[in-house]
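Position 23, counted from 1, in the sequence shown is what numbering that gives the first Met the number 0 calls 22; the numbers after and before it change by one each time, with no gaps. From the three backbone atoms N, C-alpha and C, an ideal C-beta is built for every residue, glycine too. None of the values given here were measured: they were computed from a predicted structure. For reference, the structure discussed in these notes is given below.
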Amino acid sequence: MTTSTAARVARADVGLRSARGPVLLAVMLSTGLVAIDATILATAVPAVVRDLGGLTQFPWLFSIYVLAQAVSVPVYGKIADLYGRKTVMLVGIGLFVVGSLLCGAAWSMGSLIAFRALQGLGAGAIQPIGMTIVGDIYSVAERATVQGYIASVWAVASLVGPTLGGVFSEALTWRWIFFVNLPLGLAAAWMLWRRFSETPRPAAARPRIDYAGTVLLLLGTVALLVALLEGGVLWGWASPVSIGLFVGSVVLLVAFVVVERRAAEPVLPLWVFRHRVVGGAMLVSLVVGVMLLGLTSYVPLYAQGVLGTGAIVAGFALAAMTIGWPISASASGRLYLRLGFRSTMLIGSVLAVIGSGILLLVRPSSSVWLLAGACLVLGLGFGFVASPSLVAAQSAVAWNERGVATGASIFARSVGSAVGVAAFGAVANTVVHDRLGRTPDNLESLPSGVLGPALQAVFLVAAVVSVTMLLASFVMPRTVHEVGAGGAAAGS
Numbered sequence: 000m001t002t003s004t005a006a007r008v009a010r011a012d013v014g015l016r017s018a019r020g021p022v023l024l025a026v027m028l029s030t031g032l033v034a035i036d037a038t039i040l041a042t043a044v045p046a047v048v049r050d051l052g053g054l055t056q057f058p059w060l061f062s063i064y065v066l067a068q069a070v071s072v073p074v075y076g077k078i079a080d081l082y083g084r085k086t087v088m089l090v091g092i093g094l095f096v097v098g099s100l101l102c103g104a105a106w107s108m109g110s111l112i113a114f115r116a117l118q119g120l121g122a123g124a125i126q127p128i129g130m131t132i133v134g135d136i137y138s139v140a141e142r143a144t145v146q147g148y149i150a151s152v153w154a155v156a157s158l159v160g161p162t163l164g165g166v167f168s169e170a171l172t173w174r175w176i177f178f179v180n181l182p183l184g185l186a187a188a189w190m191l192w193r194r195f196s197e198t199p200r201p202a203a204a205r206p207r208i209d210y211a212g213t214v215l216l217l218l219g220t221v222a223l224l225v226a227l228l229e230g231g232v233l234w235g236w237a238s239p240v241s242i243g244l245f246v247g248s249v250v251l252l253v254a255f256v257v258v259e260r261r262a263a264e265p266v267l268p269l270w271v272f273r274h275r276v277v278g279g280a281m282l283v284s285l286v287v288g289v290m291l292l293g294l295t296s297y298v299p300l301y302a303q304g305v306l307g308t309g310a311i312v313a314g315f316a317l318a319a320m321t322i323g324w325p326i327s328a329s330a331s332g333r334l335y336l337r338l339g340f341r342s343t344m345l346i347g348s349v350l351a352v353i354g355s356g357i358l359l360l361v362r363p364s365s366s367v368w369l370l371a372g373a374c375l376v377l378g379l380g381f382g383f384v385a386s387p388s389l390v391a392a393q394s395a396v397a398w399n400e401r402g403v404a405t406g407a408s409i410f411a412r413s414v415g416s417a418v419g420v421a422a423f424g425a426v427a428n429t430v431v432h433d434r435l436g437r438t439p440d441n442l443e444s445l446p447s448g449v450l451g452p453a454l455q456a457v458f459l460v461a462a463v464v465s466v467t468m469l470l471a472s473f474v475m476p477r478t479v480h481e482v483g484a485g486g487a488a489a490g491s
């Protein structure tokens, strides 16, 4: 079946009241755990530091979570293809809930960071396997409607998360930021356990797990992401630590490729890079990741440090991006059914280029509304690119390859996020160093006359990256054929 000939689907056939509704609700609740966690902690950091101390360590609350999530995604995807989605999803929810409980009971910044890693390992299963389940139980045409439900979770979380974080930290205690995950996670697990059934590969047909490839991928990815996330922050880019991490990651990942060529069931099969649809989805996901986390880090800083707004207004400016994404993701289904995946992604890429262009117009004298408008257009563009590319990747492979395809796309976005933070940080620090003759400990303390040009250079790089997203979208074939259980599809 091609996307251009897919039949229209009634919302009542795939909604929460349909036969598959409880499973969809379980996926939505699970996704809500990850979505709220992405925004709820940032507003409570001052309260956490006040209670536990560890001001210099608190950035690791975010880095360790992203790191654990990123490195585990491809492993979970492969295990789900071997042993089924249900078990992996339940394990992910369990890890996230236990991690949340321990985070709420943390007695020091070090223990909180360790328990955030456990949360990240849970999130590494929830997001890709939840989307894989959606790919299993809904056709391409049905997913065009289902995307609206999943996107609504992210839209609500982008608004509710920061508010809940502020309320819990001021009116109650920051620990409720983590305790609130317990009822959500338990409800999702119970519903998934009761209502979702599947027929995974028979035990006799399951080959041995690729332990060597798994270890090499994990170690190589950890070394690479730590080098990107902390290079220029905890140590210099040219320091022995950075050089050692980059060289070590290259050696480990080359060894990983060698092992995967010989493995009977590789944890991240090399065919994903050769498959035009899956490879195209990974490429655009990588670029989206570069722009997304990079801009998320610097847009609020520009609003506060250059435009002179407060933290709340700066947060709303960024929220325009997180609101735009789910809006376009919901609408993208109707577009790719009518126009195809590549055309929809090209529309999103053009919007991202326009949004980046608007961002270049922002000056110290500009209104914060112009900054928010640029973020809204960027978010709309990301939604029209990210969601269709993932659905295309899932549709172009068989059931026993769908977990790997989904995991590979989300893994690429995670790596892109780390690259974006590192690249944009290097650009900002270079401009600041040229103006001051030194690199400051943090950008927040800089005068607006120095900070403004540095962040405008970041926005210029983002505009260049948005053009690469447009070019990357052409990798996706014009037509993507949906595959059943029989094998992989070819694009044309």
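Item, Value
"Determine contact between the segment 390-399 and the segment 410-426, defined as no fewer than three beta-carbon pairs at a distance below 8 Å.", "no"
"Provide the residue span of the alpha helix (DSSP H) that contains Ser355, from first to last.", "340-360"
"Among the candidates Ala46, Thr343, Ala316, whose CA atom is the shortest distance from the CA of Ser329?", "Thr343"
"Classify Tyr75 as buried or exposed, calling it buried when 16 or more other Cβ atoms lie within 10 Å of its own Cβ.", "buried"
"For Leu191 and Ile92, what's the separation of their Cα atoms in angstroms?", "10 Å"
"Just the C-alpha distance for Ala203 and Asn399, rounded to the nearest angstrom, thanks.", "Residue placement at Ala203 is poorly supported in this model, since its pLDDT is 49, which falls under 50; the coordinates are not used for a value here."
"To which residues does DSSP link Trp234 through a beta bridge?", "Gly230"
"Report back the beta-carbon spacing between Pro73 and Leu267 to the nearest angstrom; my notes put them in contact at under 8 Å.", "5 Å"
"Since Ser413 contacts Gly288 with CB under 8 Å, what's their CB separation in whole angstroms?", "6 Å"
"Can you tell me the Cβ-Cβ gap for Leu493 and Leu117, rounded? I've got them flagged as a contact below 8 Å.", "Nothing in the structure corresponds to residue 493, since the chain is present only between 0 and 491."
"Is Ala471 helix, strand or coil when you go by DSSP?", "helix"
"State the start and end residues of the unbroken alpha helix (DSSP H) segment that holds Phe61.", "59-82"
"Taking C-alpha atoms, which residue in Ala67, Val463, Ala385, Ala425 lies nearest to Gln146?", "Ala385"
"So what does DSSP say about Ser368, is it helix, strand or coil?", "The identity of residue 368 in the sequence shown is Trp, whereas the question assumes Ser. Trp368 falls in the helix class under three-state DSSP."
"Let me check understanding here. Comparing Cα to Cα, which of Ala262, Pro127, Leu215, Thr144 lies closest to Val250?", "Leu215"
"For a quick check, are the C-beta atoms of Glu259 and Leu81 less than 9 Å apart?", "no"
"The alpha helix (DSSP H) spanning Ile35 covers which residue range?", "20-39"
"Could you compute how far the alpha carbon of Leu469 sits from the alpha carbon of Leu345?", "6 Å"
"Return the chain-ordered list of same chain residues with a C-beta closer than 6 Å to the C-beta of Ala211, the five sequence neighbours on each side being excluded.", "Val258"
"Which class does Ala6 belong to by DSSP, given the choice of helix, strand or coil?", "Because the pLDDT at Ala6 is just 47, under 50, the model does not fix this residue reliably, and the point stays unresolved."
"Since Thr131 is in the alpha helix (DSSP H), which residue starts that stretch and which ends it?", "108-136"
"Which term fits Leu445, buried or exposed, when burial requires 16 or more other beta carbons within 10 angstroms of its beta carbon?", "buried"
"So, at 8 Å on beta carbons, what are the nonlocal neighbours of Met475 in its own chain, with the 5 sequence-adjacent residues on each side left out?", "Arg275, Val276, Gly279, Ala280, Val283, Phe340, Arg341, Met344, Ser388, Ala391, Gly490"
"Can you say whether Phe167 is buried or exposed, counting buried as having 16 or more other CB atoms within 10 angstroms of its CB?", "buried"
"Would Gly121 and Ala34 qualify as a contact pair, given that the criterion is a beta-carbon distance under 9 Å?", "no"
"Which of the three DSSP states, helix, strand or coil, is assigned to Ser413?", "helix"
"How about Leu497 and Leu100: are their beta carbons less than 9 Å apart?", "Any question about residue 497 goes unanswered here, given that the chain covers just 0 to 491."
"Excluding five sequence neighbours on each side, which residues of the same chain lie with their C-beta closer than 7 Å to the C-beta of Ala67?", "Ala116, Gly119, Leu120, Gly123"
"Under three-state DSSP, which class holds Ser17?", "coil"
"Cβ atoms of Ala156 and Ala351: under 9 Å apart, would you say?", "no"
"Does the beta-carbon distance from Val464 to Val426 come in below 9 Å?", "no"
"Please report the Cβ distance between Val152 and Thr30, rounded to the nearest whole angstrom; I am assuming they are in contact, meaning their Cβ atoms lie under 8 Å.", "5 Å"
"With a CB to CB cut of under 6 Å and the five nearest residues on each side skipped, what residues in its chain are close to Met320?", "Cys374, Leu377, Gly378"
"Between which two residues does the alpha helix (DSSP H) holding Ser511 run?", "In the structure as shown, the chain begins at 0 and stops at 491. Residue 511 is therefore absent and cannot be evaluated."
"Is Val266 helix, strand or coil by DSSP?", "coil"
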